[in-house]
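Heads up: the structure comes next, in structure tokens.
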Amino acid sequence: MSKSSSQTGGLSRRTLLAGTASLLASPLVVSSAGAQAKPVNIGVIMPLSGANAQFGINSRNGIELVADEINTAGGIKALGGAKINLIVADATSTPTTAGTVAQRLITQNEVTAILGAFASSLTIAISEVTERRDIPLLTMSFADQITGRGYKNIFQVVAKASAIGKAQFDYTAAIAQASGVKIDKIAIMYEDTAYGTAQAAGLRAGAKAANIEIVMDDAYPLGITDTTPLINKLRASGAQAVFPVSYLNDSLLLIRTMRQQRITMPAIGGAAGYVIPDFEKGLGEFAEGVLSIAPANYDLAPDLTERFRKRYGYFMVHEALEHAVALDVLVQAIEKAKSAKAEDVAMALRGAKFSGGWTKAMTGGAVEFDATGLNVLSVPVMVQWRKKELVTVWPKDVAKGTADWKS
Amino acid sequence: MSFLQAILDGLLVGGVYAVISIGLTLVYGVMGIVNFAQAEFLMIGMFVAWFAWAYLGLDPVLAAPLSFAVAFGIGWLVQGQLIARVLKAPSVAQIFLTVGLLIVLENGSLLLFGSQFRSVTTSYQTMSLSLGPLFISVPYLIAFGMSLACGLALWWFMRTSWFGRAMRATAQNPMAAQLMGIDTALMYKIAFALGVGLTAFGGAVILPYVTVFPGVGGQFVVLMFTVVVLGGLGSVAGAVVGGLAVGVIQALSSLFFPIQLQNLFLFLVFILVLAIRPQGLVGASR
Amino acid sequence: MKRWIVIAVVLAVACLLPLTLNPTGYWIRVLTFTLLFAAMAQAWNIIGGLANQTSLGHAAFFGIGAYTSTILLLKFGISPWIGMFAGGLLGGVAAFIIAIPTMRLQGHYFALATLAFGEVMRVIANVWTPLTGGPGGLSVPFVPPSLALYSFKQLLPHAYIALAALVVVTIIFEVIRRGAMGYRLRAIKENPAAAEVIGIDTTKVKLQTAVISGVLMAMLGTLYAQVAVFFDPDTVFSAAAISVRVALIAILGGVGTAIGPILGALFIIPLEELMNDLFSSGAAGLSQLIFSAILIVVILWQPRGFVTVFDKMTARFSGDISDKDRP
Numbered sequence: 001m002s003k004s005s006s007q008t009g010g011l012s013r014r015t016l017l018a019g020t021a022s023l024l025a026s027p028l029v030v031s032s033a034g035a036q037a038k039p040v041n042i043g044v045i046m047p048l049s050g051a052n053a054q055f056g057i058n059s060r061n062g063i064e065l066v067a068d069e070i071n072t073a074g075g076i077k078a079l080g081g082a083k084i085n086l087i088v089a090d091a092t093s094t095p096t097t098a099g100t101v102a103q104r105l106i107t108q109n110e111v112t113a114i115l116g117a118f119a120s121s122l123t124i125a126i127s128e129v130t131e132r133r134d135i136p137l138l139t140m141s142f143a144d145q146i147t148g149r150g151y152k153n154i155f156q157v158v159a160k161a162s163a164i165g166k167a168q169f170d171y172t173a174a175i176a177q178a179s180g181v182k183i184d185k186i187a188i189m190y191e192d193t194a195y196g197t198a199q200a201a202g203l204r205a206g207a208k209a210a211n212i213e214i215v216m217d218d219a220y221p222l223g224i225t226d227t228t229p230l231i232n233k234l235r236a237s238g239a240q241a242v243f244p245v246s247y248l249n250d251s252l253l254l255i256r257t258m259r260q261q262r263i264t265m266p267a268i269g270g271a272a273g274y275v276i277p278d279f280e281k282g283l284g285e286f287a288e289g290v291l292s293i294a295p296a297n298y299d300l301a302p303d304l305t306e307r308f309r310k311r312y313g314y315f316m317v318h319e320a321l322e323h324a325v326a327l328d329v330l331v332q333a334i335e336k337a338k339s340a341k342a343e344d345v346a347m348a349l350r351g352a353k354f355s356g357g358w359t360k361a362m363t364g365g366a367v368e369f370d371a372t373g374l375n376v377l378s379v380p381v382m383v384q385w386r387k388k389e390l391v392t393v394w395p396k397d398v399a400k401g402t403a404d405w406k407s
Numbered sequence: 001m002s003f004l005q006a007i008l009d010g011l012l013v014g015g016v017y018a019v020i021s022i023g024l025t026l027v028y029g030v031m032g033i034v035n036f037a038q039a040e041f042l043m044i045g046m047f048v049a050w051f052a053w054a055y056l057g058l059d060p061v062l063a064a065p066l067s068f069a070v071a072f073g074i075g076w077l078v079q080g081q082l083i084a085r086v087l088k089a090p091s092v093a094q095i096f097l098t099v100g101l102l103i104v105l106e107n108g109s110l111l112l113f114g115s116q117f118r119s120v121t122t123s124y125q126t127m128s129l130s131l132g133p134l135f136i137s138v139p140y141l142i143a144f145g146m147s148l149a150c151g152l153a154l155w156w157f158m159r160t161s162w163f164g165r166a167m168r169a170t171a172q173n174p175m176a177a178q179l180m181g182i183d184t185a186l187m188y189k190i191a192f193a194l195g196v197g198l199t200a201f202g203g204a205v206i207l208p209y210v211t212v213f214p215g216v217g218g219q220f221v222v223l224m225f226t227v228v229v230l231g232g233l234g235s236v237a238g239a240v241v242g243g244l245a246v247g248v249i250q251a252l253s254s255l256f257f258p259i260q261l262q263n264l265f266l267f268l269v270f271i272l273v274l275a276i277r278p279q280g281l282v283g284a285s286r
Numbered sequence: 001m002k003r004w005i006v007i008a009v010v011l012a013v014a015c016l017l018p019l020t021l022n023p024t025g026y027w028i029r030v031l032t033f034t035l036l037f038a039a040m041a042q043a044w045n046i047i048g049g050l051a052n053q054t055s056l057g058h059a060a061f062f063g064i065g066a067y068t069s070t071i072l073l074l075k076f077g078i079s080p081w082i083g084m085f086a087g088g089l090l091g092g093v094a095a096f097i098i099a100i101p102t103m104r105l106q107g108h109y110f111a112l113a114t115l116a117f118g119e120v121m122r123v124i125a126n127v128w129t130p131l132t133g134g135p136g137g138l139s140v141p142f143v144p145p146s147l148a149l150y151s152f153k154q155l156l157p158h159a160y161i162a163l164a165a166l167v168v169v170t171i172i173f174e175v176i177r178r179g180a181m182g183y184r185l186r187a188i189k190e191n192p193a194a195a196e197v198i199g200i201d202t203t204k205v206k207l208q209t210a211v212i213s214g215v216l217m218a219m220l221g222t223l224y225a226q227v228a229v230f231f232d233p234d235t236v237f238s239a240a241a242i243s244v245r246v247a248l249i250a251i252l253g254g255v256g257t258a259i260g261p262i263l264g265a266l267f268i269i270p271l272e273e274l275m276n277d278l279f280s281s282g283a284a285g286l287s288q289l290i291f292s293a294i295l296i297v298v299i300l301w302q303p304r305g306f307v308t309v310f311d312k313m314t315a316r317f318s319g320d321i322s323d324k325d326r327p
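Protein chains in written order, with the working numbering: chain G, 1 to 407; chain D, 1 to 286; chain P, 1 to 327.
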């Protein structure tokens with residue numbers, strides 16, 4: 001030990017080395033002091049910047065709500081009360097970056113599973129990584145490709161895009177019929193990203209199967225700033241109902257322009273922009289009565305979903321709900337596997353059914369994955385805006401209110 | 001019939017495109033710099049107007065002068081501190097300075113304001129006037145009117161005021177202007193600040209029908225650049241002509257081609273003009 | 001002599017470095033993309049640096065390469081190695097087509113025109129669904145590992161392929177720069193009229209440069225597709241994530257120099273990753289903000305890029321003022 005350091009009272013090299021060594025070693029040392037079980041790392045990869053940031057934040061909120069509930073109730077019982085530790089990261093809007101983020105969480109944080117990433121393209125990119133590294137990925141993205149590749153580590157809690165699109169049409173026809181109205185001609189308008197395109201395909205299939213004439217079928221660029229050409233075309237088309245699949249900006253533009261041109265035909269939205277609070281805030285009274293398909297809705301289990309509204313101040317939007325369910329299912333799988341190892345959890349998820357807890361908020365009151373990872377119990381629901389709230393109006397067995405068909 | 005409606009809609013919307021784009025062309029005309037961050041000032045103008053609506057209850061159209069003022073101030077600082085330093089630098093440095101500015105402004109507003117989409121509700125948003133069988137959207141009409149007023153004000157300023165003439169002189173020949181006693185550095189500041197201020201003004205005016213979020217500038221970049229290139233980079237009259245032309249082209253193309261290809265059409269026009277007549281419809285051959 | 005020793009040492013380190021990383025981990029992936037983007041920036045550097053034409057549309061070639069090889073693989077089972085050359089060919093054709101109308105344009109105009117071309121390609125890929133899969137994107141099929149089919153279980157081989165690509169593109173860059181074409185390009189940059197007078201066919205030279213740059217960029221698109229495995233039109237034809245980024249990397253590092261793109265990529269990509277790691281969950285957008293602020297600072301105070309700092313450091317280190325011929 002050099003004289004100078006002991007005189008100045010500074011750190012001697014030996015102390016510094018010893019201190020650094022213990023600091024480096026501490027994660028490797030099992031904390032035997034307390035009865036604290038090692039927390040379970042769960043990755044949450046959402047778009048937190050870019051155009052989908054709002055949805056990413058909603059999703060994260062849903063997950064955090066459930067994580068906190070579980071942790072407060074004592075953590076994961078099968079692992080000795082291990083707490084859930086959410087590792088949240090920004091997927092950005094580039095799929096390749098989302099994949100790199102997933103790889104980082106897997107390698108550096110040793111996550112047991114990943115939840116994410118709202119947008120199908122991001123989810124697909126992440127799934128390419130998780131499938132190769134055998135980490136389970138739970139999602140509410142619904143592009144058909146997600147469960148269509150024979151991957152073993154992907155688990156989707158809602159119905160597929162084609163099913164949602166088809167339901168968007170089928171339910172409408174049923175509701176119209178129940179009100180004594182027959183629809184022969186419909187118009188489809190959709191924003192041209194993966195989401196709009198996939199759902200429009202489902203709509204088309206539904207209409208074709210019912211032999212209904214599609215008099216207008218137009219994609220539009222996502223950032224469209226002037227929808228008058230679309231609405232002009234709609235007016236001239238002779239359609240009796242219009243099925244727009246949009247995000248928020250375009251949904252507001254479309255509905256407002258329709259109003260300006262005094263087009264009163266029913267509009268049945270395709271989820272996304274049509275089922276968030278901002279839709280109603282933007283349109284006020286003109287949101288009343290607008291129908292939309294949705295993968296899930298909060299009024300199916302108000303005792304659970306009202307907790308979200310209490311904490312965050314707005315109703316539990318479907319992406320928040322579905323992610324909450326996903327986390328609940330994941331934790332149930334961890335309990336079932338009695339292990340936080342990714343492959344054990346994946347095995348517990350595969351082809352399994354989960355009930356109780358937040359799964360009650362999904363249609364069928366439970367979640368059951370088939371061999372492709374799809375939740376076969378999830379059925380889309382038709383919701384309608386009533387006094388600033390979304391009320392489920394179809395199918396009849398889950399409806400909380402009667403569908404009001406405004407012609 | 002739909003032809004006439006399309007032309008009418010195109011002209012209304014085009015007037016707004018003109019006001020948004022005048023700033024871009026003014027900046028290029030006076031300083032020779034394409035401000036790639038111009039659309040971000042549109043976003044700034046929209047946010048200012050939104051906050052004025054949310055907290056002061058001001059109609060966005062009335063808040064437009066406020067948007068102008070805020071953007072003018074920011075533009076003044078940006079020009080003095082950043083743009084001025086690259087006026088003599090190679091074009092690659094100029095391009096990337098404004099590209100960097102674009103990213104800074106967009107992400108800065110993401111950090112400050114968050115990602116959610118904000119829209120305003122006004123009494124006239126869903127109203128329209130009838131001109132025979134034609135519809136005239138009231139928000140578009142008001143936006144067009146404001147744009148016209150703004151355009152006339154700019155024209156009057158450039159024609160009659162000393163500053164306006166000094167700026168035109170600087171644009172024509174900076175050396176000669178300096179020799180005449182014009183403080184060209186000041187002119188550049190005014191031109192830039194005025195340019196971004198005008199774009200911000202346009203932003204406030206379109207807020208009734210466009211939702212604002214940090215990335216909204218990206219939706220208008222194509223339009224703005226097509227407008228100024230079509231009209232002629234550097235020509236204010238060209239921006240007006242270009243704006244109206246782009247509005248009408250966009251509306252008419254939707255009659256004959258899928259709406260999804262709207263932007264493609266604009267890009268092709270853009271490229272054709274650059275290839276065949278880079279000085280645009282109105283601009284003089286340089 | 002000293003320079004060759006330095007290059008040899010650096011290459012040796014570069015070859016050994018991937019072996020020290022976890023082959024299925026995170027850092028190998030970051031390294032692979034760093035090397036890939038360095039190569040892409042170097043391909044851009046041929047036009048942006050040597051020909052002094054700031055292209056903001058290089059994503060057009062990149063996407064063409066990625067889509068060509070992947071479509072050939074998906075539809076006809078053709079190996080991406082072959083698809084890469086097919087993509088390169090198409091990229092060269094595209095570069096030729098784009099170069100013709102834009103050649104006479106200068107500075108800002110050229111940037112705008114190339115930006116438009118990149119966006120045109122993006123829209124085409126988005127709407128031509130039967131060919132490109134449309135907005136849903138394409139996935140390179142998850143096949144068993146096979147060298148012939150360019151499929152590997154780990155990322156390690158991808159890292160080496162990216163390194164090899166970077167070396168090849170850099171060699172091509174240097175060959176052009178030091179050769180007759182480089183001389184002609186410098187002459188054109190100095191004074192296009194004078195260059196014509198002394199007999200340089202400016203049109204032919206510019207076209208050649210454009211095509212070389214386009215071919216290389218397209219081939220790199222295939223490499224990217226094989227690593228990223230999934231992509232859509234917004235990923236590979238992106239103005240912000242590809243076109244602007246590769247130009248930015250080259251500029252920050254030192255446009256027109258061989259080492260510029262390498263330095264730029266080594267700085268930017270790991271830094272972006274670090275920022276995402278530290279800040280993304282708390283403050284979205286912070287990393288991009290800091291990053292572009294650095295860009296502005298560099299442009300204002302060190303417009304030649306990091307390479308000037310690097311030069312100063314190595315000059316001090318090796319003790320000589322070497323004749324690094326910069327443009």
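Built from N, CA and C at the ideal position, the CB exists for glycine as well.
Examine chain D for any beta-carbon lying closer than 8 Å to the beta-carbon of residue i, and answer yes or no.
{"i": "glutamine 261/G", "result": "yes"}
{"i": "proline 130/P", "result": "no"}
{"i": "tyrosine 220/G", "result": "yes"}
{"i": "glutamine 199/G", "result": "no"}
{"i": "threonine 228/G", "result": "yes"}
Using beta-carbon positions only, say whether residue i and residue j come within less than 8 Å of one another.
{"i": "asparagine 61/G", "j": "tyrosine 298/G", "result": "no"}
{"i": "phenylalanine 41/D", "j": "alanine 71/D", "result": "yes"}
Find the residues of chain G that neighbour residue i, judging by a C-beta separation of less than 9 Å, and give them in chain order.
{"i": "methionine 127/D", "result": "Arg259 and Gln260"}
{"i": "phenylalanine 220/D", "result": "Gly223 and Thr225"}
Using a beta-carbon distance below 8 Å, is residue i in contact with chain P?
{"i": "alanine 37/G", "result": "no"}
{"i": "serine 235/D", "result": "no"}
{"i": "arginine 204/G", "result": "no"}
{"i": "glycine 100/D", "result": "yes"}
{"i": "arginine 277/D", "result": "no"}
With a threshold of 8 Å between beta-carbons, can residue i be considered close to chain G, or not?
{"i": "asparagine 173/D", "result": "no"}
{"i": "valine 246/P", "result": "no"}
{"i": "alanine 6/D", "result": "yes"}
Below 9 Å on C-beta distance, what does residue i contact in chain D?
{"i": "alanine 111/P", "result": "Val34, Phe36, Ser91, Val92 and Ile95"}
{"i": "isoleucine 57/G", "result": "Gly114, Ser115 and Gln116"}
{"i": "leucine 289/P", "result": "Ile103, Val104, Glu106, Asn107, Gly108, Leu110 and Leu111"}
Listing by chain order, which chain P residues have their CB less than 7 Å from the CB of residue i?
{"i": "valine 101/G", "result": "Asn276"}
Problem - Residues, ordered as in the chain, of the segment 17 to 41 of chain D that lie near chain G by beta-carbon distance below 7 Å - result: none
Exercise for the section: Determine which residues of the segment 13 to 27 of chain P have a Cβ less than 9 Å from any Cβ of chain G, and write them out in chain order. Expected result: Asn22, Thr24, Gly25, Tyr26 and Trp27
Handout entry: Interface positions of the segment 69 to 96 of chain G facing chain P (Cβ-Cβ less than 7 Å), listed along the chain
Key = Val88, Ala89, Asp90, Thr94, Pro95 and Thr96
Practice task
Identify every run of the alpha helix (DSSP H) within the segment 211 to 284 of chain D, keeping only runs that are complete inside it and at least 4 residues long; order them along the chain.
Solution key: 217 to 231, 236 to 256 and 262 to 276
Handout entry: Proximal residues, the segment 113 to 128 of chain G versus chain P, C-beta separation under 7 Å
Key = Ser121, Ile124, Ala125 and Glu128
Exercise for the section: Using a Cβ-Cβ cut-off of less than 8 Å, give me the residues of the segment 37 to 70 of chain P that come near chain D, in sequence order. Expected result: Gly48, Asn52, Thr54 and Leu56
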